[in-house]
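Below is one structure, written out as structure tokens; comments come after it.
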RNA sequence: GGCCCCAUCGUCUAACGGUUAGGACACAGGAUUUUCAUUCCUGUAAUCGGGGUUCGAUUCCCCGUGGGGCUGCCA
């Protein structure tokens with residue numbers, strides 16, 4: 124199966140685009156076919172320099188590389204394949220689209236239109252006032268060949284429009300929606316070739332996807348109403364149309380089409396926020412698709428074998444990132460510890476330079492891997508290993524743990540004594556915990572009354588890894604004296 | 001306005017015409033030998049409305065209603 128993704132280089136890659144790209148990629152992989160990337164830059168005004176590379180890099184981040192067409196080589200975009208060029212402006216330069224427009228002109232399926240934008244605007248206004256659907260009124264169809272020639276010779280600006288047979292019924296079987304039908308008279312005479320000579324999306328899509336031998340076009344539902352135009356063009360040109368899958372739209376919370384007003388829509392934004400590609404891809408795959416099992420976590424490989432278009436939903440899906448965050452947590456926990464450590468190292472080192480060469484970082488990383496959702500949380504979570512924390516009396520006290528202003532000094536003394544009673548070599552979290560539990564057995568203290576102040580004394584934080592785990596790591600790194608010192612500092616705080 | 005598409009918990013979704021309408025996220029409660037988190041358990045919560053067809057409709061048909069998309073010399 125040959126599939127394609129055909130973005131316009133207008134800036135960033137949209138999450139909706141990533142989703143259709145993903146489906147196309149999955150289908151191609153699954154069928155051992157090819158995933159093509161074509162650049163649709165027929166709108167001169169909207170094209171942005173560097174956007175192509177940017178889109179390609181983002182796609183690569185997500186784990187999708189094109190097999191053919193425009194792809195990344197180092198930092199720049201190159202083209203590979205036998206059906207190129209794969210950039211529409213380059214195809215345009217070869218006169219490709221004009222050639223087929225001429226063919227349609229000759230066969231009577233298209234005509235020159237000399238109407239000015241002003242006239243078209245007025246026409247639409249009148250139609251709207253009469254509560255009619257705004258459609259081209261075919262004024263230029265009436266022009267005789269001689270009149271057309273004369274206007275062309277006079278250098279009048281023109282476009283080429285397709286001539287839609289009004290009496291036809293255009294029916295089609297969509298891969299997701301099933302049968303879809305349109306009445307010819309409701310379909311507008313679409314502009315095929317603009318006055319600057321460039322094709323519109325409609326002509327370019329039909330010509331390119333035919334020439335590039337695309338078997339299946341997966342695109343957003345917003346294209347469904349243009350489908351009859353495309354089908355007709357394939358017919359007029361004598362070509363077999365591809366299969367189509369019109370994927371339901373991604374929606375804002377208010378169920379309108381996903382917009383940047385209400386959501387982060389650029390994949391880059393999710394990269395910057397620290398989302399893992401595994402999480403975003405997993406999330407996108409599950410939006411509007413389900414495997415028919417209760418499996419929620421999918422690697423790319425698993426998606427390749429599990430995905431199928433017939434389990435894609437017909438209704439739009441609200442882009443609610445709560446589940447994305449959950450998936451992010453799941454995926455960050457799956458990262459092998461060493462890799463996790465190397466991912467957080469530069470972030471921690473940025474704030475605490477010692478981390479750059481920290482031999483203890485793996486042990487510290489292990490303490491936080493299950494408690495964070497984003498790498499960016501790591502520096503804060505580990506801060507107390509690198510700087511002495513600011514411990515406050517307020518934090519040492521906890522009503523939930525029954526640590527009061529009154530019993531706190533005594534608690535800290537007990538903690539100190541327990542710690543002192545254990546030889547440095549035996550400072551493992553298990554051994555430490557056992558010691559505290561023994562004390563608890565005596566009846567005077569609850570475990571929380573001892574471990575809470577210890578944890579706060581060591582970390583200065585409302586939440587952190589467990590007290591004994593921190594004590595173990597800290598003792599190994601800085602010696603038991605350093606740990607005791609922090610307890611003593613806290614104790615001093617209570618007496619001042 | 002016209003054309004097209006769609007409709008199950010708040011959200012993502014499952015259910016050959018026969019299920020106590022299932023799962024996940026979120027939320028609430030609890031357990032997990034300290035906080036936060038993780039993990040586990042429990043709970044709250046849905047078939048848009050009306051007609052058909054059928055012994056029986058979430059499921060099939062029709063009509064409403066609601067929502068969305070398109071309606072550019074943008075894609």
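Numbering (the working numbering), first residue to last: 124 to 619.
Using N, Cα and C, we set each Cβ at its ideal position, and we do this for glycine too.
1. Would you call the stretch 525–543 and the stretch 494–511 in contact, with 3 or more CB pairs under 8 Å?
2. Residues in the same chain with beta-carbon distance under 6 Å from residue 577, minus the five sequence neighbours each way, listed in chain order, please.
3. Report the three-state DSSP secondary structure of residue 236 (helix, strand or coil).
4. Whose C-beta lies closer than 7 Å to the C-beta of residue 297 among residues of the same chain, with five residues either side of it excluded?
5. Distance check for residue 147 and residue 71, CA to CA, integer angstroms please.
6. In angstroms with no decimal places, state the Cα-to-Cα distance between residue 281 and residue 268.
7. Compute the distance between the beta-carbons of residue 197 and residue 209, then report whether it is under 7 Å.
8. In whole angstroms, what is the alpha-carbon distance linking residue 309 and residue 260?
9. Let's test the definition: count the other Cβ atoms within 10 Å of the Cβ of residue 199 and tell me whether it reaches 16, buried, or not, exposed.
10. For the alpha helix (DSSP H) holding residue 198, just list the boundary residues, first then last.
11. Give the secondary structure of residue 287 by DSSP, where H, G and I count as helix, E and B as strand, and everything else as coil.
12. Counting only runs that start and end within the stretch 309–378, where is the alpha helix (DSSP H) found for 4 or more residues in a row?
13. Answer yes if the stretch 151–162 comes into contact with the stretch 124–139, meaning at least three C-beta pairs across the two stretches below 8 Å, and no otherwise.
14. Is DSSP giving residue 304 helix, strand or coil here?
15. Under 7 Å, do residue 301 and residue 371 count as touching if we go by C-beta distance?
16. Is the separation between the beta-carbon of residue 390 and that of residue 179 shorter than 7 Å?
17. Please list, in chain order, all residues of the same chain as residue 552 whose beta carbon is under 8 Å from its beta carbon, the five residues on each side excluded.
18. Based on DSSP bridge pairs, tell me the residues matched to residue 192.
19. What's the call for residue 131, buried or exposed, on a 16-neighbour Cβ count within 10 Å?
20. Can you give the Cα-Cα distance for residue 333 and residue 405, rounded to whole angstroms?
21. Am I right that residue 220 and residue 228 are in contact with their C-beta atoms under 8 Å? What's the rounded C-beta distance?
22. Reducing DSSP to helix, strand and coil, say where residue 294 ends up.
23. From residue 572 to residue 522, what distance separates their C-alpha atoms?
24. Can residue 283 and residue 315 be called in contact, C-beta distance under 7 Å?
25. Quick check on residue 328: buried or exposed, where buried means 16 or more other Cβ atoms within 10 Å of its Cβ?
26. Per the DSSP calculation, residue 126 is bridged to which residue(s)?
27. Could you tell me whether the Cβ atoms of residue 354 and residue 365 are closer together than 7 Å?
28. Going by alpha carbons, who is nearest to residue 580 out of 202, 536, 549?
29. May I ask which residues mark the beginning and end of the alpha helix (DSSP H) holding residue 536?
30. Assuming the contact rule is C-beta atoms closer than 8 Å, residue 598 and residue 606 should be a hit. Round their C-beta distance to whole Å, please.
31. By how many angstroms is the C-alpha of residue 331 removed from the C-alpha of residue 207?
32. Using only alpha-carbon positions, find the residue among 171, 292, 257, 336 that is nearest to residue 352.
33. With DSSP as the reference, please indicate the residues paired to residue 172 in a beta bridge.
34. Give a yes or no on whether the C-beta atoms belonging to residue 253 and residue 427 are separated by under 7 Å.
35. Could you check what DSSP says for residue 299 in three-state terms: helix, strand or coil?
36. Output the distance between the C-alpha atoms of residue 470 and residue 411, rounded to the nearest integer angstrom.
With the given structure in hand:
1. The count of Cβ pairs closer than 8 Å, one atom from the stretch 525–543 and one from the stretch 494–511, stays below three, leaving the stretches out of contact.
2. Only 538, 590 meet the Cβ criterion.
3. Three-state result, residue 236: strand.
4. Once the five neighbours on either side are set aside, the close Cβ partners of residue 297 are 303, 367, 368, 369.
5. For residue 71 there is no data in the structure shown, the boundaries of the chain being 124 and 619.
6. Residue 281 and residue 268: Cα-Cα distance of roughly 14 Å.
7. In this structure, residue 209 does not lie closer than 7 Å to residue 197 by Cβ.
8. One C-alpha to the other measures close to 12 Å.
9. Residue 199 is classed as exposed because its beta carbon has fewer than 16 other beta carbons within 10 Å across all chains shown.
10. Counting along the chain, residue 198 sits inside no alpha helix (DSSP H), nor does DSSP assign it H or E at all.
11. In this structure, residue 287 counts as coil in the three-state DSSP scheme.
12. If we require 4 residues or more, the alpha helix (DSSP H) runs fully inside the stretch 309–378 come out as 324–334, 350–359.
13. The stretch 124–139 is in contact with the stretch 151–162.
14. DSSP places residue 304 in strand when its eight states are reduced to three.
15. No, these two residues do not count as a Cβ contact at 7 Å.
16. Cβ distance not < 7 Å, so residue 390 and residue 179 don't count as in contact.
17. Closer than 8 Å at Cβ, skipping near neighbours: 589, 591, 592, 594, 595.
18. 160, 203, per the DSSP bridge assignment.
19. When all chains shown are included, residue 131 counts as buried.
20. Each residue's Cα considered, the two are about 32 Å apart.
21. Rounded, the Cβ-Cβ distance is 12 Å, inconsistent with contact.
22. DSSP places residue 294 in strand when its eight states are reduced to three.
23. When rounded, the distance between both Cα atoms is 10 Å.
24. By the CB criterion at 7 Å, residue 283 and residue 315 fall inside the cutoff.
25. Under a 10 Å Cβ-count criterion, residue 328 is classified as buried, with 16 or more other Cβ atoms of the shown protein chains found around its own Cβ.
26. Answer is 158, 339.
27. Cβ atoms of residue 354 and residue 365: not closer than 7 Å.
28. For the residues 202, 536, 549, the minimum Cα distance to residue 580 belongs to 536.
29. That run of the alpha helix (DSSP H) goes 531–543.
30. Rounded to the nearest angstrom, the Cβ distance from residue 598 to residue 606 is 5 Å, consistent with a contact under 8 Å.
31. Going from the Cα of residue 207 to the Cα of residue 331 covers about 9 Å.
32. Taking only the C-alpha atoms, the option nearest residue 352 is 292.
33. Per DSSP, residue 172 has no beta-bridge partner at all.
34. No.
35. Taken through DSSP and simplified to helix, strand or coil, residue 299 comes out as coil.
36. When rounded, the distance between both Cα atoms is 35 Å.
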